[in-house]
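Under the working numbering, the first residue of the sequence shown is numbered 44, with each subsequent residue one higher.
All C-beta atoms, glycine included, are put in the ideal place defined by N, C-alpha and C.
Every value quoted in this text rests on a predicted model; they were computed, and no experiment measured them.
Let me begin by presenting the structure, written as structure tokens, before commenting on it.
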Amino acid sequence: MDFLPVATSIFTLFILIGVGFLAFRMGYITRSGASGLSSLLVNVAIPCLILESMQVPLSSGLVYSMEVIALIEVVVYLVSFISAIVIPWCLTGSVFETGVLRFMLIFSNLGFMGYPVAYAMFGEESVFYVTLINLPFGFLVFTLGVFLLRPDLARNPDLKRIVTPGLIASVLGLCLLGTGTTIPSPLNESVSLLGSITTPLAMIVIGTFLAPLPFFSMVSDIRVWIISAARLILIPVIVFLITSPFVTDPLLLGIPVLLAAMPVAANTVLLSEEYGVNAELASKGVFISTLLSLVTIPLIGIYLLP
């Protein structure tokens, strides 16, 4: 990809993060308000975007594309799992801190950043593939993710947490895709309008999340820098090297590689707080990786994506 279009797309999104950051710092958005915006994004806007993107004709070419995406995602998770085993093992920390570091490496910010960044770089068609990649994410976060954070509490996963509006929208979207059904008007127009707020709302929410974090204490842990480098650069580069000899379609190769380069998932902090592990370490990971992604995502786009 050329530098200017990639950089322009990414910097446009990060300007919106800055808007959210300043709005929180200036008191226009409170902590409870930010929580409400986040809930609106996750439970309304993204599910509507998913439903809209899945209303496409099912063809043999699309089935092939879905199979390719699924295979590449297997590679992504294998690379992430191996990285999560090896890299934190080399770093000092308690058992629970190691679990947080492993969570950071496996789970990227697909929801808040994956959709808007892919949309900015690949267009509307990318939303369908991001949805496919997102399908196993919620299940893995609340099963494998909880096990990594608290292996002593993860024997009975909470199904209410797994069955989210995003997952329901994904399943309904697959039904629409498989049957060739479309949502009737004017409901479809409403779904489309709600889905269209995903990109600006997601970026603003990320800004409100970063705003209250103390900068200097966030940047002092060398482990977070190592994990962020692996999350943002090492994993997508390895995925690209493994898959690029076999996948020539720029969209099918580019979207999984791009999503593999997303920063640490915001869920890392939320679940760390809920399960009583090191939420400060998780906050550092989200903060540093999100800031670094301002540089690394354009670099991935320029040097790896066709």
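Buried or exposed by the 16-neighbour rule on C-beta atoms within 10 Å, applied to residue i
| i | result |
| --- | --- |
| R74 | exposed |
| T224 | exposed |
| L148 | buried |
| Y71 | exposed |
| S263 | exposed |
| E167 | exposed |
| T311 | buried |
| C133 | exposed |
| Y346 | exposed |
| S96 | buried |
| R266 | buried |
| S287 | exposed |
| R145 | buried |
| Y158 | buried |
| T51 | exposed |
| I247 | buried |
| T222 | exposed |
Pick from the options that is closest to residue i, judged by C-alpha positions
| i | options | result |
| --- | --- | --- |
| G181 | L153, S260, G166 and I130 | L153 |
| L217 | N321, L144, N177 and E323 | N177 |
| F54 | V206, V160 and E140 | V160 |
| F124 | I60, V49, G328 and A303 | A303 |
| L83 | T135, I58, S239 and F185 | S239 |
| S108 | V290, G209 and L215 | V290 |
| G344 | I285, V280, E316 and L334 | V280 |
| S78 | L253, W268 and V338 | L253 |
| K327 | W268, V282 and P341 | W268 |
| I211 | P306, P341, L237 and T174 | T174 |
| V87 | T207, P341, P306 and T339 | T207 |
| P306 | L94, G209, E323 and V338 | V338 |
| V49 | G209, E110 and F165 | F165 |
| G209 | P341, E110, L94 and L342 | L94 |
Integer-rounded CB distance, given that residue j should sit under 8 angstroms from residue i
| i | j | result |
| --- | --- | --- |
| L29 | L244 | One cannot answer for residue 29 here, as it falls past the ends of the chain, which runs 44 to 349. |
| V99 | L187 | Actually they do not touch by this definition, with Cβ atoms about 30 angstroms apart. |
| I89 | T241 | 6 angstroms |
| F150 | A273 | Contact doesn't hold; Cβ gap of about 13 angstroms is too wide. |
| L56 | A163 | 6 angstroms |
| V143 | L183 | In fact, because the Cβ distance is near 16 angstroms, the residues do not count as touching under 8 angstroms. |
| I112 | P293 | Wrong, their Cβ atoms sit about 13 angstroms apart, outside the cutoff. |
Cα-Cα separation between residue i and residue j, rounded to whole angstroms
| i | j | result |
| --- | --- | --- |
| V234 | I270 | 38 angstroms |
| I331 | I249 | 13 angstroms |
| S126 | P227 | 45 angstroms |
| L121 | P229 | 43 angstroms |
| E116 | A325 | 24 angstroms |
| V129 | V119 | 16 angstroms |
| L47 | S137 | 44 angstroms |
| V85 | P255 | 21 angstroms |
| L114 | N231 | 32 angstroms |
| G61 | S103 | 43 angstroms |
| F64 | T251 | 5 angstroms |
| L92 | G297 | 20 angstroms |
| L275 | S260 | 21 angstroms |
| L301 | L295 | 10 angstroms |
| M69 | L101 | 48 angstroms |
| V320 | F139 | 6 angstroms |
| F67 | Y318 | 27 angstroms |
| V189 | L314 | 8 angstroms |
| V329 | S336 | 10 angstroms |
| F258 | L334 | 11 angstroms |
| L284 | I278 | 10 angstroms |
| V170 | M156 | 12 angstroms |
| Y172 | E316 | 31 angstroms |
| V214 | P179 | 11 angstroms |
| V106 | P194 | 37 angstroms |
| I131 | L236 | The question names Ile, yet the displayed sequence has Pro at residue 131. Going by the C-alpha atoms only, they are around 43 angstroms apart. |
| L342 | T141 | 29 angstroms |
**Message:** Threshold first: 4 residues or longer. Then list the alpha helix (DSSP H) segments lying entirely within the stretch 225 to 266, N to C.
**Reply:** Those alpha helix (DSSP H) runs which fall completely within the stretch 225 to 266 and span 4+ residues are 230 to 239, 241 to 253 and 258 to 261.
**Segments of 4+ residues assigned as alpha helix (DSSP H) that fall wholly inside the stretch 63 to 90** = Unbroken alpha helix (DSSP H) stretches of 4 residues or longer found wholly inside the stretch 63 to 90: 74 to 83, given in chain order.
**Length-filtered (3 minimum) beta strand (DSSP E) runs lying within the stretch 145 to 194** = If we require 3 residues or more, the stretch 145 to 194 turns out to have no beta strand (DSSP E) run fully inside it.
**Asked** Considering only residues of the stretch 273 to 308, which uninterrupted alpha helix (DSSP H) runs meet the minimum length of 4 residues and lie entirely inside it, listed in chain order?
**Response** Counting whole runs of 4 or more residues, the stretch 273 to 308 contains the alpha helix (DSSP H) stretches 278 to 286 and 293 to 303.
**Message:** My parser needs the alpha helix (DSSP H) runs of 4 or more residues fully inside the stretch 302 to 347; what are they?
**Reply:** Segments of the alpha helix (DSSP H) lying fully in the stretch 302 to 347: 310 to 317 and 322 to 346.
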